[in-house]
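So for the sequence shown, our numbering puts the first residue at 5; every next one is plus one.
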Amino acid sequence: MRWHVALVVLLAACNKAPPKQQNGSDKGSAEVRGSADAQSGQGSGSDLKTTEATMFSMGVGYEKFMGRWSALMSKPHIELAGVVDGDRVLDVGAGTGALALAIEQLMPKSEVVGIDPSKGFIDYAKSKATSPRLKFEVGDAEKLPYKDKEFDRTMAQLVMNFIPDHEKASGEMRRVTKTGGTVTACVWDYDAGMVSLRTFWDEVLAVDPKMEPKDERHMKLSRKGQLGELWKKAGLTDVSEAPITIEQKFANFDDYWGAFLKGAGPGGAYVVSLSPEAREALATRLRTRLLKNGQDGPFTLPARAWCVRGKA
Numbered sequence: 005m006r007w008h009v010a011l012v013v014l015l016a017a018c019n020k021a022p023p024k025q026q027n028g029s030d031k032g033s034a035e036v037r038g039s040a041d042a043q044s045g046q047g048s049g050s051d052l053k054t055t056e057a058t059m060f061s062m063g064v065g066y067e068k069f070m071g072r073w074s075a076l077m078s079k080p081h082i083e084l085a086g087v088v089d090g091d092r093v094l095d096v097g098a099g100t101g102a103l104a105l106a107i108e109q110l111m112p113k114s115e116v117v118g119i120d121p122s123k124g125f126i127d128y129a130k131s132k133a134t135s136p137r138l139k140f141e142v143g144d145a146e147k148l149p150y151k152d153k154e155f156d157r158t159m160a161q162l163v164m165n166f167i168p169d170h171e172k173a174s175g176e177m178r179r180v181t182k183t184g185g186t187v188t189a190c191v192w193d194y195d196a197g198m199v200s201l202r203t204f205w206d207e208v209l210a211v212d213p214k215m216e217p218k219d220e221r222h223m224k225l226s227r228k229g230q231l232g233e234l235w236k237k238a239g240l241t242d243v244s245e246a247p248i249t250i251e252q253k254f255a256n257f258d259d260y261w262g263a264f265l266k267g268a269g270p271g272g273a274y275v276v277s278l279s280p281e282a283r284e285a286l287a288t289r290l291r292t293r294l295l296k297n298g299q300d301g302p303f304t305l306p307a308r309a310w311c312v313r314g315k316a
């Protein structure tokens, strides 16, 4: 099962410029527009399938969109999981490899396996891996291709909310973890804790209220207590949940806005669907909101994720 179908909107036209007026011969722009239409509910079923087929090979684009956040989240997540050097660790939904790579670098005796259904993501992760202790494989979180009790720690970073059958996936994570080993997951607090996205959607909704259903605050498993309940249903014990907060530094406004201009994420899909005038108007609102005294330059935004830990 390609459970990344829920992530279609997250990579809308990554690495492509905002679309020009489309015509029948402009296939690239049509693909960009199709992703934006899928996000806004205007696209056809064929648009969605085309988007899914093309987007998940865009490891570089995803890295620019979410990789910088995943890298910052990895170290505190590793600490939460209690990984010790020499552990065999599974990274479920490894994406472009941020968590698995961090474990390999911090734990010189550990073996790490990263699994993801996207071959494009896995190929990108493999291109960054240099150690024989680190392995990336294509596979499904809902049917992990591993024996019972094979790993000391099993982790899922910023992905559980995108897996359609997250109860099945959490059960699989418990199954492949040794008795007494830890199983962890982190999901962004999309409601208020992910300030970068919250700021964006606040300004969008101020001028375009019909986009409210697409606001990422509606993401599943992103509220306090939801991951903990999922872990308990999976049969994990000693379940605890806590927030992890990181801070992302931006060199200037363009460093922040650039990810949206590339069509990254639901927000980016919306941005590339706008007219140039509407796009610039939104950018102006965001500049006013984010830049102190209107002066461009470095700024920092916090991001909070809800994280859960349990024992197999």
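Think of the CB as a built atom: it goes at the ideal place given N, C-alpha and C, for glycine as much as any other residue. Remember, predicted model here, so these are calculated numbers, not experimental data.
Applying the 10 Å Cβ sphere with the 16-neighbour rule, what's the burial state of residue i?
i	result
Leu14	Low confidence applies here, because Leu14 scores a pLDDT of 42, under 50, leaving its location unreliable; read the following figure in that light. Buried.
Thr319	Look at the range of the chain in this structure, 5 to 316, and you will see that residue 319 is not part of it.
Lys218	buried
Thr158	buried
Arg293	exposed
Ala238	buried
Val211	exposed
Glu83	exposed
Lys151	exposed
Gly90	exposed
Asp156	buried
Thr183	exposed
Ala102	buried
Thr100	buried
Ala282	exposed
Using the C-alpha atoms, what's the distance from residue j back to residue i?
i	j	result
Asp206	Asp259	19 angstroms
Val163	Gly301	32 angstroms
Trp73	Ala129	16 angstroms
Thr288	Met70	23 angstroms
Leu105	Val87	14 angstroms
Asp127	Val117	14 angstroms
Trp235	Gly298	45 angstroms
Glu171	Leu240	12 angstroms
Asp193	Ala75	17 angstroms
Pro149	Asp242	26 angstroms
Pro112	Ser135	10 angstroms
Leu201	Glu220	8 angstroms
Pro280	Thr203	21 angstroms
Leu110	Lys79	9 angstroms
Gln252	His81	16 angstroms
Arg92	Lys214	47 angstroms
Arg272	Arg178	The question names Arg, but residue 272 is Gly in the sequence shown. Rounded to whole angstroms, Gly272 to Arg178 spans 35 angstroms at the Cα level.
Phe303	Leu265	19 angstroms
Glu216	Asp195	12 angstroms
State yes or no: is the C-beta of residue i within less than 8 angstroms of the C-beta of residue j?
i	j	result
Ala160	Ala133	no
Asp144	Pro121	yes
Gly185	Ala316	yes
Met223	Asn165	yes
Leu278	Leu286	yes
Gly262	Val276	no
Tyr66	Phe125	yes
Arg308	Gly197	yes
Thr187	Pro306	Here residue 187 turns out to be Val, not Thr, going by the sequence shown. Going by C-beta atoms, Val187 is not nearer than 8 angstroms to Pro306.
Trp310	Pro247	yes
Glu154	Val180	yes
Ala98	Ile119	yes
Can you tell me whether DSSP reads residue i as helix, strand or coil?
i	result
Arg283	helix
Ser44	The predicted position of Ser44 is uncertain, since its pLDDT is 32 and thus under 50; no value can be drawn from it.
Gln299	coil
Gly314	strand
Ser114	coil
Asp89	coil
Arg289	helix
Leu234	helix
Ala145	coil
Gly71	helix
Arg178	helix
Ile250	strand
Met59	Confidence at Met59 is low in this model, with a pLDDT of 44, below 50, so its placement is unreliable and the value that follows should be read with caution. In the structure shown, Met59 sits in a helix (DSSP, three-state: H, G or I).
Leu94	strand
Glu207	helix
Pro306	strand
Ala160	strand
Ala133	coil
Ala189	strand
Asp195	coil
Ile107	helix
Just to check, is the beta-carbon of residue i closer than 7 angstroms to a non-hydrogen atom of the ligand FMN?
i	result
Glu154	This structure simply doesn't include the ligand FMN, nor any ligand for that matter.
Assuming residue i and residue j make a contact with CB atoms under 8 angstroms, what is their CB distance in whole Å?
i	j	result
Glu176	Glu146	6 angstroms
Arg137	Ser114	7 angstroms
Ser244	Arg313	5 angstroms
Phe257	Arg291	5 angstroms
Are the C-beta of residue i and some C-beta of chain B separated by less than 8 angstroms?
i	result
Pro247	Within the model displayed, chain B is absent; a lone protein chain is all it includes.
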